[in-house]
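**Q** Before I ask anything, let me first share the structure, which is written out below as structure tokens.
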Amino acid sequence: MLYYKTQEEIEIIRESSLLVAKTLAEIAKVIRPGVTTLELDKLAETFIRDHGAVPAFLNYNGFPNSLCISVNSQVVHGIPNNTPLSEGDICSVDCGVLKNGFYGDSAYTFGVGEITEENRRLLKVTRECLYKGIEKVTAGNRLGEVSNAIQEHAEKNGYSVVRELVGHGIGKHLHEKPEVPNYGKRGTGMVLREGLVIAIEPMINLGTKGVVHDRDGWTVRTADNKPSAHFEHTVAVRKDGADILSSFEFIDEVLNKETTNAK
Ligand code: MG
Ligand code: MG
Numbered sequence: 011m012l013y014y015k016t017q018e019e020i021e022i023i024r025e026s027s028l029l030v031a032k033t034l035a036e037i038a039k040v041i042r043p044g045v046t047t048l049e050l051d052k053l054a055e056t057f058i059r060d061h062g063a064v065p066a067f068l069n070y071n072g073f074p075n076s077l078c079i080s081v082n083s084q085v086v087h088g089i090p091n092n093t094p095l096s097e098g099d100i101c102s103v104d105c106g107v108l109k110n111g112f113y114g115d116s117a118y119t120f121g122v123g124e125i126t127e128e129n130r131r132l133l134k135v136t137r138e139c140l141y142k143g144i145e146k147v148t149a150g151n152r153l154g155e156v157s158n159a160i161q162e163h164a165e166k167n168g169y170s171v172v173r174e175l176v177g178h179g180i181g182k183h184l185h186e187k188p189e190v191p192n193y194g195k196r197g198t199g200m201v202l203r204e205g206l207v208i209a210i211e212p213m214i215n216l217g218t219k220g221v222v223h224d225r226d227g228w229t230v231r232t233a234d235n236k237p238s239a240h241f242e243h244t245v246a247v248r249k250d251g252a253d254i255l256s257s258f259e260f261i262d263e264v265l266n267k268e269t270t271n272a273k
């Protein structure tokens, strides 16, 4: 079952998605070596509840926390814990909220302190992959265009695309149809129609595309233990292109300020 959203519903999803964006910006303000991922999780939960929303991931199929935080070789679905982050870590923070009956979902991978040039490039290209996919979102295009654009940009840069996990439709449910793979062929997949809202979320590995599942039942990590990055936006399909409902603008504002201060 595909749910096409009305204009009104899209605006509610935008409100949820912008709260996610602002929650991630709160994380951007405090993420540094020595901070634990559990501290980030508590901060996010408080911020979300203070804004009249509910953390979407908390208790989702039994997930124990509000954020999925995946460090270095962890791809997604990492469980926040008491281990302090270290200088040079890369840290994917995935956040979802439910507000006024609709979900928003977005993820950003942060560098912790100074990171290696290799990791900096992985983050840059993964973020670019997300926007390459979004560029192909427009009514009348097939979903395979989106998937293919992501895969092509990742592989052109020598990286690999995780196959086991994909993006998704989003609305009254956190995960709706269709699945949005980060790999695929042009001319395949469903035709995008106005009102469809999808979360696009490339998970890009520095090394092999293979992943393994931890015994905790949640954490997915790379099979070769090399780093992985993850960026995600919630996006509505329009006649004339994509309407990005979440935003990295608030995060970028925080991070650019820090860079300026450091100079
Ligand atoms: Mg997410
Ligand atoms: Mg998602």
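The opening residue of the sequence shown carries number 11 in this note's numbering; numbering runs sequentially from there.
Just so you know, even glycine gets a beta-carbon here, dropped at the ideal spot from N, CA and C.
Since we're looking at a predicted model, the values are computed, not measured.
Between which two residues does the alpha helix (DSSP H) harbouring Asp-253 extend?
**A** Premise fails: Asp-253 lies in the beta strand (DSSP E), 251-254, not in any alpha helix (DSSP H).
**Q** With DSSP run on the structure shown, which of helix, strand or coil describes Ser-157?
**A** In this structure, Ser-157 counts as helix in the three-state DSSP scheme.
**Q** Would you kindly report the start and end of the unbroken alpha helix (DSSP H) that includes Leu-77?
**A** That residue, Leu-77, is in no alpha helix (DSSP H); its beta strand (DSSP E) goes 77-81.
**Q** Pairs of beta-carbons, one from the stretch 114-129 and one from the stretch 243-256, closer than 8 Å: are there three or more?
**A** They touch, by the three-pair rule.
**Q** Classify Arg-203 as buried or exposed, calling it buried when 16 or more other Cβ atoms lie within 10 Å of its own Cβ.
**A** Its Cβ having fewer than 16 others within 10 Å, Arg-203 is exposed.
**Q** Identify whether Thr-119 lies in helix, strand or coil by the three-state DSSP scheme.
**A** It is a strand residue.
**Q** Beta-carbon separation of Val-207 and Asn-192 under 8 Å?
**A** Result no, Cβ atoms of Val-207 and Asn-192 do not sit closer than 8 Å.
**Q** Taking 7 Å as the line, does the beta carbon of Ala-239 fall inside it for any heavy atom of ligand 2?
**A** No, Cβ of Ala-239 sits at least 7 Å from all heavy atoms of ligand 2.
**Q** Name the residue from His-183, Lys-134, Asp-224, Asp-234 whose alpha carbon lies nearest to the alpha carbon of Lys-109.
**A** Among His-183, Lys-134, Asp-224, Asp-234, the Cα nearest to that of Lys-109 belongs to His-183.
**Q** Would you kindly check if the distance between the Cβ of Asn-129 and the Cβ of Pro-237 is under 8 Å?
**A** A contact, by the Cβ cut-off of 8 Å.
**Q** So if I measure from each beta-carbon to every heavy atom of ligand 1 and keep distances below 5 Å, which residues remain?
**A** With the cut-off at 5 Å, the residues found are Asp-104, Asp-115, Ala-117, Glu-242.
**Q** Is Gly-150 close to ligand 2? I mean its beta-carbon at under 7 Å from any heavy atom of the ligand.
**A** Not so, every heavy atom of ligand 2 lies at least 7 Å from the Cβ.
**Q** Is the beta carbon of Val-135 less than 8 Å from the beta carbon of Lys-146?
**A** No; because the gap between Cβ atoms is not below 8 Å, this pair is not in contact.
**Q** Please list the segments of the beta strand (DSSP E) lying wholly inside the stretch 176-256, counting only runs of 3 or more residues, in order along the chain.
**A** Within the stretch 176-256, the complete beta strand (DSSP E) runs of at least 3 residues are 177-179, 186-190, 207-210, 213-215, 221-223, 230-232, 238-240, 243-248, 251-254.
**Q** Distance check for Ile-79 and Val-103, CA to CA, integer angstroms please.
**A** If I take the Cα positions, the gap works out to 5 Å.
**Q** Which of the three DSSP states, helix, strand or coil, is assigned to Gly-143?
**A** Note: Gly-143 maps to helix in three-state DSSP.
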